[in-house]
Structure formats: structure tokens, C-alpha cells
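Please read the structure below before turning to the comments.
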Ligand SMILES: Nc1ncnc2c1ncn2[C@@H]1O[C@H](COP(=O)(O)OP(=O)(O)O)[C@@H](O)[C@H]1O
Ligand SMILES: [Mg+2]
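In my numbering, the protein residues as written are 1 to 287.
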């Protein structure tokens, strides 16, 4: 059976320090208590949880629900640590995390930024590598949600708040994991759905959403059926929501020509069509 850390078992209490995505003013930071309802396991990169927020925090969260998705970017639970074909296991230890944090305080992390893989026996090096990776994923995801504000609640989840996990004190952890609080989009993922149940207009809308990402300055870079949820606003009618912007690239100072080039190179609308073709889902326009 899958081992789940007690912090993430149903019923576990999680303390957060959150600020609204609408207003980045420090004064809007709030301490928030959440109870784990369900963990979306196995965790791969971030830890994704369905949580109940109680008491409500009306100045930063909607009052229409208490149920949210919490994404925690704690490098301790990365799946990669278990080892891959090309990498030995690198289990988390507090000692290696502490050494990595001390080196970082002296500016030694610069070394790791330019090195793709740390040496296999360099445990603090791996801690730093994992730490930087998850920091980057958090930044990518927050930047993408900010850029895609106009699609939030329509074809991507709403991103309500960001902040940090607060470990119960005393805590020896040297990493303060970042978190995002998103709207919960109930429904099966695209992979779990029988192709005949996905109507062509919903499939076409999915491709249009991906095209809109590019126009709004975002390349998703992780389009796959697990990252698409089919939300059903009414019986037998589905709307596709795209999730998971951890790998996203957001346009910064690229000129129009440079960005157009990046879009042509990636051609994500075409990738979305290929994904639908592979699943046997019809997206052809009505004749
Ligand atoms: N907003 C959401 N609403 C409903 N389910 C979600 C939401 N966000 C994530 N999930 C569920 O959690 C899984 C993992 O989330 P994801 O954002 O893809 O993180 P990861 O980086 O671990 O792939 C998704 O495949 C989906 O089943
Ligand atoms: Mg995913």
C-alpha cells in the first residue's frame, strides 16, 4: 500500500500563511487552517490535496465554498528521489537539507544552477537541486495563472491565493514550502473518459484554450490527458479544464517575432489535437 506522510492523511491539519492573488500587499497575508480531505496520490512533483478551509477567510477566499485544492511544493516528497533508470535514489534527510540551506546562505547555490545533475554521492547537492526545481515550478505556475486570469474559472482553475506552509513548531526544517490554493474542479480526467462521451464542441474548446494560452503569453509544456479535467456543469455536458502549469513558460521580454517563433516551434494547439487523435476523440467542426 502507498505510504502517505501523516501530514497528508485525511483529517490532518495544515497551517498556511496565504495572501490573495488579487493583491500582493503584505498586509493581506493571513494565517489559514486547512483539513486534508483527500490526497491526489501518487505525488510526482508537488503534493496535491483536496482541503477544507475552516474557519473561512472571507477577505482572501470566496465564501461560496470551503473546499479547495492545495498544491504544496515541498521537495521532501518528490517522486524522483526514489530513483530512476539514470539516477540513484536520493532519499530526503534533514541533515542534507540543513547543509544545503547553509551552503545556500553562503551563496554556494550558484554552483548548482549551472550544473544539470549533482554528483550521485553529493546529498546536499541533490537537496539543492530538488529545492531549486520546486521553487521554479511554483514560480512558473503562479506566473502562468496570473497571465491567464481571463481564463480562470472558464477553462483553467481559479487561483485564489499563494503563500507558504507553516510547520508545527518546533520545526527543524530549513525549507519553507511554497503553496497555491486553487478552485476544485470536480470531474474525471481526460484519460478516464470514454472517447464517445466527449462531444466535439468540448474537444474543440480544449484546442482553443491551448491556442489562447499562446496568445496570452503562456506555453503550457505539459499537455497530457492527466492534466485535463472534464467538468460537467449539467448532465451529459462537459467542459475541459486544463491544469498543472508547473512546467509553463511565460512570455517576458520577447519581441512579438520571438514569441511567435516560440509558439510555432512548440505548436501546442497541434499537440492538443494529436492528444485527442490518440485518445480517439473527435474534434472535427460540424459540417
Ligand atoms: N484544481 C483541481 N481540481 C481538481 N483536481 C485537481 C486540481 N488540481 C490538481 N488536481 C488533481 O491532482 C492531480 C495532480 O495535479 P497537478 O496539478 O497535475 O500536479 P502534478 O505536478 O503533481 O502533476 C491532477 O491530475 C488532478 O487529478
Ligand atoms: Mg499533472
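The beta carbon of each residue, even a glycine, is placed where N, CA and C say it ideally should be.
### 6 Å CB neighbourhood of residue 229 in its chain, flanking five on each side removed
Cβ within range, chain order: 185, 187, 189 and 241.
### Query
Is there contact here, the segment 212–221 with the segment 254–265, by at least three beta-carbon pairs under 8 Å?
Output reads yes: the segment 254–265 touches the segment 212–221.
### Query
Under a Cβ-count criterion, where at least 16 other Cβ atoms within 10 Å of its own Cβ denotes burial, should residue 258 be classed as buried or exposed?
Under this definition residue 258 is an exposed residue.
### Query
In the structure shown, what three-state DSSP assignment does residue 267 receive?
Correct three-state label for residue 267: coil.
#### Entry: Alpha-carbon spacing of residue 124 relative to residue 45, whole angstroms
If I take the Cα positions, the gap works out to 19 Å.
#### Entry: Other residues of its chain near residue 30: CB distance less than 6 Å, five sequence neighbours each side excluded
Close CB contacts of residue 30 within its chain, under the 6 Å cut and outside five residues either way in sequence, are with 18, 57 and 60 (chain order).
### Message
For residue 10 and residue 284, I'd like the C-alpha separation in whole angstroms.
### Response
Cα to Cα, the separation comes out at about 43 Å.
#### Entry: Contact test: residue 189 Cβ vs ligand 1 heavy atom, cutoff 7 Å
Yes, ligand 1 has a heavy atom inside 7 Å of this Cβ.
### Query
Cα separation between residue 77 and residue 4?
Our two residues, residue 77 and residue 4, have alpha carbons roughly 10 Å apart in a direct line.
### Message
Helix, strand or coil, according to DSSP, for residue 33 in the structure here?
### Response
Residue state, collapsed to three classes: strand.
### Task
Give the single residue among 162, 51, 168 and 238 whose Cα lies nearest to the Cα of residue 194.
Measuring from the Cα of residue 194, the nearest candidate turns out to be 238.
#### Entry: Distance CB(residue 79)-CB(residue 106) smaller than 8 Å
It is not a contact, given that the beta carbons lie outside the stated cut-off.
### Task
Name the two residues that bound the continuous alpha helix (DSSP H) containing residue 3.
DSSP places residue 3 in no alpha helix (DSSP H); its state is neither H nor E.
### Message
Looking at the secondary structure, which residues open and close the beta strand (DSSP E) in which residue 356 lies?
### Response
Look at the range of the chain in this structure, 1 to 287, and you will see that residue 356 is not part of it.
### Query
Thinking just about the alpha-carbon of each residue, which of 254, 146, 160 and 133 is nearest to the one in residue 69?
Per the C-alpha coordinates, the member of 254, 146, 160 and 133 positioned closest to residue 69 is 160.
#### Entry: 7 Å Cβ shell around residue 225 - same chain, five flanking residues per side excluded
Once the five neighbours on either side are set aside, the close Cβ partners of residue 225 are 189, 190, 191, 275 and 279.
### Message
Just to be sure I understand the criterion: a residue counts if its Cβ is closer than 7 Å to at least one heavy atom of ligand 1. Which residues meet that?
### Response
Any residue whose Cβ sits closer than 7 Å to a heavy atom of ligand 1 makes the list: 40, 43, 44, 45, 46, 48, 69, 71, 157, 182, 183, 184, 185, 186, 189, 226, 227, 229, 243, 244 and 246.
#### Entry: Own chain residues within Cβ distance below 7 Å of residue 282, not counting five before or after
Excluding residues within five positions, the ones whose Cβ falls inside 7 Å are 200 and 203.
### Task
Give the straight-line distance between the Cα atoms of residue 54 and residue 15, rounded to the nearest whole angstrom.
So the alpha carbons of these two residues sit roughly 11 Å apart.
### Query
Helix, strand or coil: how does DSSP classify residue 231 here?
Here residue 231 sits in strand by DSSP.
### Query
By DSSP, does residue 9 sit in helix, in strand, or in coil?
In the structure shown, residue 9 sits in coil (DSSP, three-state: anything other than H, G, I, E or B).
### Query
Do residue 37 and residue 51 have their CB atoms nearer than 8 Å?
Taking the C-beta atoms as reference points, residue 51 is found nearer than 8 Å to residue 37.
### Query
Looking at the unbroken beta strand (DSSP E) that takes in residue 106, where does it start and where does it end?
Residue 106: not part of any beta strand (DSSP E); DSSP gives it neither H nor E.
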